[in-house]
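The block underneath contains the structure these notes are about, expressed in structure tokens.
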Amino acid sequence: MSADGPDAHITEVKPLVEREEAITHLLPDFDVQEQDIETVHGSVHVTMCGTPRGNRPAILTYHDIGLNHKTCFNPLFNFEDMQEITQHFAVCHVDAPGQQDGAASFPPGYMYPSMDQLAEMLPGILKQFGLKSVIGMGTGAGAYILTRFAVSCLLVSMVGRGLKSQCYCLPITRVYAFSGFTASVILNEN
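For any residue, its number in this note's numbering is found by taking its place in the sequence shown, counting from 1, and adding 11.
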């Protein structure tokens with residue numbers, strides 16, 4: 012406004028959220044476990060929200076470069092309408108090495124894992140939490156890492172015998188990639 016104009020004070024008649032009330036207070040409390048898991052290519056910080064249930068897949072998230080699971084996915088998972096999903100699925104957030112809150116600096120000479128090596132860390136994380144089925148959600152580099160993980164789980168060939176083919180297969184993975192935003196993976200281990 013100009014210096015000579017009157018100051019306008021606008022107040023909301025019915026605010027969406029009171030100042031004292033945050034969206035996180037609207038959501039139910041979930042069991043949250045934070046662990047540093049040692050994998051084949053180093054230690055990874057993982058946050059598990061909720062408890063995996065039966066044969067339901069867990070949601071596996073991986074953030075983009077320069078972010079962590081809080082800066083990348085909290086706005087989505089703390090949104091009030093996501094309560095319906097978070098009530099039914101456990102969510103496993105993976106932070107790339109050194110990206111979690113309060114992470115120490117890497118020692119001199121530390122070689123950061125490649126994208127392929129970051130993808131190779133995921134099976135150890137799934138094994139640690141006993142996850143047999145996941146739906147992957149990633150942004151940017153996280154989507155690429157989840158896609159590399161999914162591709163490593165794909166069935167390459169099947170061997171058939173006779174007219175009634177018996178297929179000898181490895182666990183099959185269905186990969187769904189959404190342009191630019193997410194990559195989803197469903198890993199079925201029998």
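Ideal Cβ placement from N, Cα and C applies to all residues, glycine included.
Item, Value
"Apart from the five residues just before and just after Q111, which ones in its own chain have a Cβ nearer than 6 Å to its Cβ?", "H56 and N79"
"What three-state label does DSSP hand Q110 in the structure shown?", "coil"
"Evaluate contact between the segment 84-95 and the segment 117-137, counting only Cβ atoms and requiring at least three cross-stretch pairs below 8 Å.", "no"
"What did DSSP end up calling A115 once you bin it into helix, strand or coil?", "coil"
"Taking C-beta to C-beta, are F100 and G109 nearer than 8 Å?", "no"
"Quick one: give me the first and last residue of the beta strand (DSSP E) that E49 is part of.", "V43 to T50"
"Compute the distance between the beta-carbons of A161 and G147, then report whether it is under 8 Å.", "yes"
"What does the alpha-carbon distance come out to for the pair F140 and P86?", "25 Å"
"What residues in its chain sit with their C-beta under 8 Å from that of G173, if we drop five residues either side in the sequence?", "For G173, the pLDDT reaches just 43, beneath the cut-off of 50, and the residue's location in the model is therefore unreliable, although a value from the coordinates is still provided. Taken in chain order, the list of residues that qualify is empty."
"Taking only three categories from DSSP, how would you classify Y121?", "coil"
"Taking I70 and V102 to be in contact with their CB atoms under 8 Å, please state how far apart those CB atoms are, rounded to whole angstroms.", "5 Å"
"Rounded to whole angstroms, what's the CA-CA distance from A115 to G77? Just pull it up for me.", "15 Å"
"Since A69 sits in a beta bridge, which residues does DSSP pair it with?", "V145"
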